[in-house]
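A.B. asks:
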Amino acid sequence: MVDAAHDQVDFVPPAEVGEMELYHPKSWLTKYVFSQDAKVIAIQYSFTAIAIGMVALVLSWMMRLQLGFPETFSFIEAEDYYQFITMHGMIMVIYLLTALFLGGFGNYLIPLMVGARDMVFPYVNMLSYWIYLLAVLVLLASFFVPGGPTGAGWTLYPPQAILSGTPGSEGGILLMLISLALFIVGFTMGGLNYVVTVLQARTRGMTLMRLPLTIWGIFTATVLALLAFPALFVGAVMMTLDRMLGTSFFMPGIVQFGEQMQYGGGSPVLFQHLFWFFGHPEVYIVALPAFGIVSDLISVHARRHVFGYRLMVWAIVIIGALSFVVWAHHMYVSGMNPWFGFFFATTTLIIAVPTAIKVYNWVLTLWRGNIKLTLPMLFALGFIVTFVNGGITGLFLGNVVVDVPLSDTMFVVAHFHMVMGVAPILVVFGAIYHWYPKMTGRMLNVPMGQIHFWITFLGAYAIFLPLHYLGFLGVPRRYYEMTDTSFIPQSAETLNAFVTVIALIVGVAQLVFLFNIGWSMVKGKKSGPNPWRATSLEWQTATTPPGHGNFGPTLPVVYRWAYAFGLPGAKDDYVPQNMHPDQVAIGDTADLSGTAAQPAE
Amino acid sequence: MTQTTQTETGHSLAMPDGMQGFVKDWSSDQRAFKNVPWGKAMMWIFLLSDTFIFSCFLLSYMTVRMSTTVPWPNPSEVFALSFGGDPIPLILIAIMTFILISSSGTMAMAVMFGYKRDRRKTAILMLVTALFGASFVGMQAFEWTKLIVDEGVRPWSNPMGAAQFGSIFFMITGFHGFHVSVGVIFLFAIARKVWRGDYDNETPGFFTSRKGSYESVEVMGLYWHFVDLVWVFIFAFFYLW
Ligand code: HEM
Ligand SMILES: [Cu+2]
Chain B
26 MVDAAHDQVD FVPPAEVGEM ELYHPKSWLT KYVFSQDAKV IAIQYSFTAI
76 AIGMVALVLS WMMRLQLGFP ETFSFIEAED YYQFITMHGM IMVIYLLTAL
126 FLGGFGNYLI PLMVGARDMV FPYVNMLSYW IYLLAVLVLL ASFFVPGGPT
176 GAGWTLYPPQ AILSGTPGSE GGILLMLISL ALFIVGFTMG GLNYVVTVLQ
226 ARTRGMTLMR LPLTIWGIFT ATVLALLAFP ALFVGAVMMT LDRMLGTSFF
276 MPGIVQFGEQ MQYGGGSPVL FQHLFWFFGH PEVYIVALPA FGIVSDLISV
326 HARRHVFGYR LMVWAIVIIG ALSFVVWAHH MYVSGMNPWF GFFFATTTLI
376 IAVPTAIKVY NWVLTLWRGN IKLTLPMLFA LGFIVTFVNG GITGLFLGNV
426 VVDVPLSDTM FVVAHFHMVM GVAPILVVFG AIYHWYPKMT GRMLNVPMGQ
476 IHFWITFLGA YAIFLPLHYL GFLGVPRRYY EMTDTSFIPQ SAETLNAFVT
526 VIALIVGVAQ LVFLFNIGWS MVKGKKSGPN PWRATSLEWQ TATTPPGHGN
576 FGPTLPVVYR WAYAFGLPGA KDDYVPQNMH PDQVAIGDTA DLSGTAAQPA
626 E
Chain R
59 MTQTTQTETG HSLAMPDGMQ GFVKDWSSDQ RAFKNVPWGK AMMWIFLLSD
109 TFIFSCFLLS YMTVRMSTTV PWPNPSEVFA LSFGGDPIPL ILIAIMTFIL
159 ISSSGTMAMA VMFGYKRDRR KTAILMLVTA LFGASFVGMQ AFEWTKLIVD
209 EGVRPWSNPM GAAQFGSIFF MITGFHGFHV SVGVIFLFAI ARKVWRGDYD
259 NETPGFFTSR KGSYESVEVM GLYWHFVDLV WVFIFAFFYL W
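As you go down the protein sequences, you meet chains B and R in turn.
Whatever position you read off the first sequence (first residue = 1), add 25 for the numbering used here.
Whatever position you read off the second sequence (first residue = 1), add 58 for the numbering used here.
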């Protein structure tokens with residue numbers, strides 16, 4: 026089959042470059058705190074991201090409490106609600122998911138999976154984390170300044186974001202913008218490392234077309250981020266100037282409290298363009314690593330090669346490229362030229378094609394696979410279902426005529442939570458269950474994991490399916506309360522209360538997960554080096570967890586792709602990427618090319 | 059027909075034609091770009107990212123210039139300078155541009171002598187480049203002072219017309235000037251290392267313990283040429299439009 030026709034296996038050209046010298050830390054401080062080792066940096070990134078993510082989770086409880094039981098909680102004022110929304114959205118999207126996928130998984134997996142000893146510029150990589158931490162601290166500081174954090178919505182649209190009617194317009198908005206700029210600077214330092222490591226520092230035999238899809242996802246997402254964040258950076262700089270120096274980049278002439286403000290002549294829509302030129306690729310910055318990781322999870326846990334590897338790679342690349350020409354589908358109601366709507370609706374629908382290809386290929390990978398319902402597999406399956414769900418509502422919203430009435434309703438909230446909230450988070454969990462054994466040498470507890478999965482998965486549906494319906498009823502997004510609104514039936518309130526209760530339960534289930542992480546570190550079952558019997562290089566390290574330099578004295582040499590499962594004639598049902606062809610076979614019958622991966626039916 | 063590609067190992071690889079060859083080439087073993095050191099690859103990608111930043115700035119400039127209803131001042135009058143006689147339009151900018159482009163020339167020569175391991179000439183040419191850069195920043199400071207003090211232009215207002223004129227001018231030239239200043243600092247630092255012979259002796263870096271190499275000079279050169287190129291665009295869009 027064309028699909029399986031893959032690289033010739035045995036040919037590995039001689040080494041092109043000698044090894045780079047590695048930085049060796051001398052003190053405890055440079056080993057564990059100011060560490061230049063990508064694995065330590067990865068763990069620092071992950072913990073920071075999860076910690077700030079908990080803040081966003083708590084904020085979502087507050088919002089849900091208010092929506093489910095309006096006029097009950099005296100400590101949630103309308104201003105607070107807007108601040109909660111803004112901080113929740115921004116933290117979840119940028120400080121949690123982006124940082125975790127790229128800074129966390131990227132740092133941990135890239136050097137290991139491509140067979141490098143470390144990132145190419147470990148020192149810059151270390152700076153990346155510390156600047157990220159600074160960005161997080163600046164963001165948190167905004168909770169403590171007079172006026173509190175900004176309540177402008179995570180989209181931060183001017184003019185309202187910086188006018189005095191909006192909560193947090195005193196200091197909060199400035200800290201938000203500064204924090205974003207810092208995040209971008211820090212990310213760029215890390216991102217350059219990820220890209221160059223993948224391009225230039227692979228081990229012998231590891232051609233790009235033999236990379237595990239996880240790396241393809243993270244790599245492409247990093248490229249997107251390096252090209253999309255500049256727009257946000259520029260927007261943030263210009264808005265900071267509007268707020269601090271009184272320039273009018275985004276500010277039209279405005280009358281406030283009967284007085285003409287000194288602003289005038291700027292373009293608010295310009296900010297929307299800048300923001301969404303970043304904002305839409307951002308969706309894929311979060312989604313592409315998830316795509317890649319899911320492909321690997323289902324392949325390993327269904328003991329079957331990824332269906333259509335080449336197509337999967339191309340789909341990732343094409344989705345990445347297209348994601349730069351769809352941004353204005355977020356702006357159908359902004360008053361831009363209607364012809365733009367036509368153009369952007371078309372591109373948006375085109376992007377569904379490569380995305381659908383990916384979904385088909387996942388399903389075809391599972392088809393006749395030996396599916397093992399391990400925890401990573403459960404989460405991967407959960408992802409596929411949820412992503413399809415959110416993707417289909419995306420097709421609705423991509424069409425101008427459907428979007429205009431649904432825009433700014435709970436339907437949109439339901440859509441983006443499905444596609445870029447729940448779906449990637451499920452992958453994060455799946456990936457942690459999958460790679461935790463490599464990071465710690467111990468397995469995560471399975472019963473706790475199952476509880477975590479079922480509550481999170483079913484809970485997410487119980488929360489977000491009703492929101493689609495509320496959206497159809499016309500419940501607007503970002504509204505503090507809807508009591509006594511004539512067009513909204515009484516039953517909507519009951520539904521809202523139901524959603525809130527479920528959201529709290531789902532929240533508690535995350536505590537089970539966190540407990541599991543801590544508990545298993547001490548009490549978990551020993552995993553051994555390769556508990557999932559996987560093929561990619563990170564499972565073939567000399568020690569578990571891998572030591573400084575990752576691979577012991579000699580770097581692995583790669584002979585095949587990462588999906589050699591069930592080769593006829595091989596002695597195991599999986600063949601690691603670095604196993605020499607001579608060692609694969611029991612007899613002479615083995616097809617050493619590693620390409621006829623189809624198990625005999 | 060099959061092409062062959064030479065890598066530095068002297069080993070030739072068979073290459074298929076057309077699209078397949080293109081993919082094969084990119085995805086080839088170990089390194090996508092043969093004989094491109096890590097630092098150079100990183101600088102190229104950084105510059106690509108930076109290009110997006112400057113493009114966003116310039117597009118924003120065009121947008122606000124169109125969105126404001128107040129007339130835009132005439133740059134050739136605003137940026138004129140008189141030496142006793144009639145004001146000469148854009149004279150200062152012309153000198154600044156000339157200096158920056160000359161500095162690109164000295165930088166290119168420094169890179170060349172770096173390849174030839176000529177320690178002295180490399181260091182001296184880098185110093186000259188740095189001095190050109192510093193004088194560019196100095197003239198920019200002079201221009202800013204003139205605009206602020208003599209003409210009364212402020213980021214938020216502008217006696218000659220649209221307020222955005224001042225805002226965008228200070229922002230973009232400021233951001234570019236920041237790039238030049240950073241470049242000057244690094245030029246001095248790297249020139250010092252060249253002078254000390256760090257790259258001939260392969261002295262390890264303080265934080266990185268990587269062996270020093272003349273590659274740094276070329277990476278610095280890439281950055282410097284980029285800053286220069288950006289200036290050409292700023293010049294065209296801001297002073298000639
Ligand atoms: C337990 C899970 C979650 C719950 C219960 C939840 C709940 C909410 C609620 C109630 C809103 C405000 C709706 C409104 O009034 O407009 C909201 C907004 C938002 N959420 Fe979540 N959320 C969750 C997880 C996530 C995740 C994982 C993401 C990551 C992408 C995310 C991203 C956002 C964004 C971007 C907004 C929009 C903020 C804005 O309108 O400015 N949420 N969420
Ligand atoms: Cu979008």
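Ideal placement from N, C-alpha and C gives every residue a C-beta, glycine not left out.
Count the CB pairs spanning the region 201-212 of chain B and the region 308-316 of chain B that are closer than 8 Å, and state whether there are at least three.
C.D. replies: Taking 8 Å as the limit for Cβ pairs, the verdict is that the region 308-316 of chain B does not touch the region 201-212 of chain B.
A.B. asks: Say yes only if the C-beta of Val358 (chain B) is nearer than 7 Å to one or more non-hydrogen atoms of ligand 2, and no if none qualify.
C.D. replies: What you label residue 358 (chain B) is simply residue 333 of the first sequence in a count that begins at 1. No, Cβ of Val358 (chain B) sits at least 7 Å from all heavy atoms of ligand 2.
A.B. asks: Please list the terminal residues of the continuous alpha helix (DSSP H) segment that includes Ser125 (chain R).
C.D. replies: Translated into positions along the second sequence, residue 125 (chain R) becomes position 67. 96-125 is the extent of the alpha helix (DSSP H) around Ser125 (chain R).
A.B. asks: Counting C-beta neighbours from all protein chains within 10 Å, is the total for Met269 (chain B) 16 or more, i.e. buried, or is it exposed?
C.D. replies: Start at 1 with the first residue of the first sequence, and residue 269 (chain B) comes out as number 244. Exposed: under 16 other Cβ atoms inside 10 Å.
A.B. asks: When DSSP labels each residue in this structure, what does Thr170 (chain B) get in the three-state scheme?
C.D. replies: The sequence position of residue 170 (chain B) within the first sequence is 145, counting from 1. Note that residue 170 (chain B) corresponds to Val in the displayed sequence, not to Thr. DSSP places Val170 (chain B) in coil when its eight states are reduced to three.
A.B. asks: How is Leu139 (chain R) classed by DSSP in three states: helix, strand or coil?
C.D. replies: Sequence index remark: in the second sequence, residue 139 (chain R) carries index 81 (1-based). Strand.
A.B. asks: Using a beta-carbon distance below 8 Å, is Leu299 (chain B) in contact with chain R?
C.D. replies: Residue numbering aside, residue 299 (chain B) sits at position 274 when the first sequence is read from its first letter. Yes, Leu299 (chain B) lies at the interface with chain R (some Cβ there is under 8 Å from its Cβ).
A.B. asks: When you compare only the Cα positions, how much space is there between Gly407 (chain B) and Pro379 (chain B)?
C.D. replies: Indexing the first sequence from 1 puts residue 407 (chain B) at position 382. Indexing the first sequence from 1 puts residue 379 (chain B) at position 354. Looking at the two C-alpha atoms, the distance is approximately 20 Å.
A.B. asks: Measuring straight from C-alpha to C-alpha, what distance separates Pro217 (chain R) and Pro293 (chain B)?
C.D. replies: Against the second sequence, residue 217 (chain R) aligns to sequence position 159. Against the first sequence, residue 293 (chain B) aligns to sequence position 268. So the two alpha carbons sit approximately 24 Å from each other.
A.B. asks: Does the beta carbon of Thr111 (chain B) come closer than 8 Å to any beta carbon on chain C?
C.D. replies: The displayed structure is made up of protein chains B and R, and chain C is not among them.
A.B. asks: For the alpha helix (DSSP H) that Gln608 (chain B) lies in, which residues bound it at each end?
C.D. replies: The residue you call residue 608 (chain B) lines up with position 583 of the first sequence. Residues 606-609.
A.B. asks: According to the neighbour-count rule (16 or more other Cβ atoms, all chains shown, within 10 Å of its Cβ), is Tyr148 (chain B) buried or exposed?
C.D. replies: Against the first sequence, residue 148 (chain B) aligns to sequence position 123. So Tyr148 (chain B) counts as buried.
A.B. asks: Once the 5 residues before and after Gly474 (chain B) are set aside, which same chain residues still bring their CB inside 7 Å of it?
C.D. replies: To locate residue 474 (chain B), count along the first sequence from 1; it is residue 449. Excluding sequence neighbours, Gly474 (chain B) sits near Leu400, Tyr458, Asn541.
A.B. asks: Any beta-carbon of chain B closer than 8 Å to the one on Val238 (chain R)?
C.D. replies: Position 180 of the second sequence, counted from the first residue, corresponds to residue 238 (chain R). No, because no Cβ of chain B sits closer than 8 Å to the Cβ of Val238 (chain R).
A.B. asks: Is any beta-carbon of chain B found at less than 8 Å from that of Lys179 (chain R)?
C.D. replies: The residue given as residue 179 (chain R) occupies position 121 in the second sequence. No, Lys179 (chain R) lies away from the interface with chain B (no Cβ there is under 8 Å from its Cβ).
A.B. asks: I'd like to confirm something about Phe441 (chain B): is its beta-carbon nearer than 7 Å to some heavy atom of ligand 1, or not?
C.D. replies: The residue you call residue 441 (chain B) lines up with position 416 of the first sequence. Yes, since a heavy atom of ligand 1 falls inside the 7 Å radius drawn around the Cβ of Phe441 (chain B).
A.B. asks: Can you find a CB in chain B that lies within less than 8 Å of the CB of Ile84 (chain R)?
C.D. replies: Here residue 84 (chain R) corresponds to residue number 26 of the second sequence, with the count starting at 1. The question names Ile, yet the displayed sequence has Trp at residue 84 (chain R). Output row for Trp84 (chain R): interface = yes.
A.B. asks: Is Val351 (chain B) near ligand 2, with its Cβ less than 7 Å from a heavy atom?
C.D. replies: The residue given as residue 351 (chain B) occupies position 326 in the first sequence. For ligand 2, at least one heavy atom lies less than 7 Å from the Cβ of Val351 (chain B).
A.B. asks: Does Leu82 (chain B) come within less than 8 Å of chain R when only Cβ atoms are used?
C.D. replies: Here residue 82 (chain B) refers to the residue found at position 57 when the first sequence is read from its first residue. Leu82 (chain B) does not count as touching chain R.
A.B. asks: Could you give the distance in angstroms between the alpha-carbon of Ala160 (chain B) and the alpha-carbon of Asn218 (chain B)?
C.D. replies: Taking the first sequence and counting its residues from 1, one reaches residue 160 (chain B) at position 135. Taking the first sequence and counting its residues from 1, one reaches residue 218 (chain B) at position 193. Their Cα atoms are separated by approximately 19 Å.
A.B. asks: Under 8 Å Cβ to Cβ from Asp258 (chain R), same chain only, skipping five residues before and after it: list those, please.
C.D. replies: Mapped onto the second sequence, residue 258 (chain R) falls at position 200. Cβ neighbours of Asp258 (chain R) beyond the five flanking positions: Arg175, Arg177.
A.B. asks: Asn132 (chain R) to Gly219 (chain R), Cα distance in whole Å?
C.D. replies: For the purposes of this step, residue 132 (chain R) is taken as the residue at position 74 of the second sequence. For the purposes of this step, residue 219 (chain R) is taken as the residue at position 161 of the second sequence. In a straight line, the C-alpha of Asn132 (chain R) is about 9 Å away from that of Gly219 (chain R).
A.B. asks: CB Thr180 (chain R) to CB Val277 (chain R), shorter than 8 Å?
C.D. replies: Counting from one through the second sequence, the residue named residue 180 (chain R) turns up at place 122. Counting from one through the second sequence, the residue named residue 277 (chain R) turns up at place 219. Result no, Cβ atoms of Thr180 (chain R) and Val277 (chain R) do not sit closer than 8 Å.
A.B. asks: Would you grab the beta carbon distance between Leu251 (chain B) and Ile103 (chain R) for me? Rounded to a whole angstrom, and I think it's under 8 Å.
C.D. replies: The residue you call residue 251 (chain B) lines up with position 226 of the first sequence. The residue you call residue 103 (chain R) lines up with position 45 of the second sequence. Sure, about 7 Å apart at Cβ, within 8 Å.
A.B. asks: What three-state label does DSSP hand Thr434 (chain B) in the structure shown?
C.D. replies: The sequence position of residue 434 (chain B) within the first sequence is 409, counting from 1. It is a strand residue.
A.B. asks: Can you check whether the C-beta of Val259 (chain B) is within less than 8 Å of a C-beta belonging to chain R?
C.D. replies: Locating residue 259 (chain B) in the first sequence gives position 234, counting from the first residue. With 8 Å as the cut-off, Val259 (chain B) counts as an interface residue toward chain R.
A.B. asks: Could you tell me how far apart the beta carbons of Arg393 (chain B) and Gly591 (chain B) are, in whole angstroms, since I believe they sit closer than 8 Å?
C.D. replies: One-based indexing of the first sequence puts residue 393 (chain B) at position 368. One-based indexing of the first sequence puts residue 591 (chain B) at position 566. So it is not a contact: roughly 11 Å between Cβ atoms.
A.B. asks: Within the chosen definition, does the region 318-337 of chain B reach the region 144-154 of chain R through at least 3 CB pairs nearer than 8 Å?
C.D. replies: Cβ pair count under 8 Å is below three, so no.
A.B. asks: Whole angstroms are fine: how far does the CA of Pro95 (chain B) sit from the CA of Phe169 (chain B)?
C.D. replies: Against the first sequence, residue 169 (chain B) aligns to sequence position 144. Against the first sequence, residue 95 (chain B) aligns to sequence position 70. Their Cα atoms are separated by approximately 26 Å.
A.B. asks: Return yes when at least one heavy atom of ligand 2 lies under 7 Å from the C-beta of His605 (chain B), else no.
C.D. replies: Residue numbering aside, residue 605 (chain B) sits at position 580 when the first sequence is read from its first letter. Because no heavy atom of ligand 2 lies under 7 Å away, the Cβ of His605 (chain B) does not count as near it: no.
A.B. asks: What is the rounded straight-line gap between the Cα of Leu391 (chain B) and the Cα of Val384 (chain B)?
C.D. replies: As a first step, residue 391 (chain B) must be located in the first sequence, where it is residue number 366. As a first step, residue 384 (chain B) must be located in the first sequence, where it is residue number 359. Their Cα atoms are separated by approximately 11 Å.
A.B. asks: Helix, strand or coil: which one does DSSP assign to Ile513 (chain B)?
C.D. replies: As a position in the first sequence, residue 513 (chain B) is number 488, starting the count at 1. Ile513 (chain B): coil per DSSP, three-state reduction.
A.B. asks: By a C-beta neighbour count over all protein chains shown, 10 Å radius and 16 as the cutoff for buried, is Pro581 (chain B) buried or exposed?
C.D. replies: The count along the first sequence starts at 1 and reaches residue 581 (chain B) at position 556. So Pro581 (chain B) ends up on the buried side.
A.B. asks: Quick check on Leu451 (chain B): buried or exposed, where buried means 16 or more other Cβ atoms within 10 Å of its Cβ?
C.D. replies: By one-based count along the first sequence, residue 451 (chain B) stands at place 426. Looking at its Cβ environment, which holds 16 or more other Cβ atoms inside 10 Å, Leu451 (chain B) is buried.
A.B. asks: Looking at C-beta atoms only, is the number of pairs between the region 569-586 of chain B and the region 213-233 of chain B that lie closer than 8 Å three or more?
C.D. replies: Judged by Cβ distances under 8 Å, the region 569-586 of chain B makes contact with the region 213-233 of chain B, as three or more pairs qualify.
A.B. asks: Given a limit of 7 Å on CB to CB distance, which residues of the region 198-214 of chain R reach chain B?
C.D. replies: Those would be Pro213, Trp214, in chain order.
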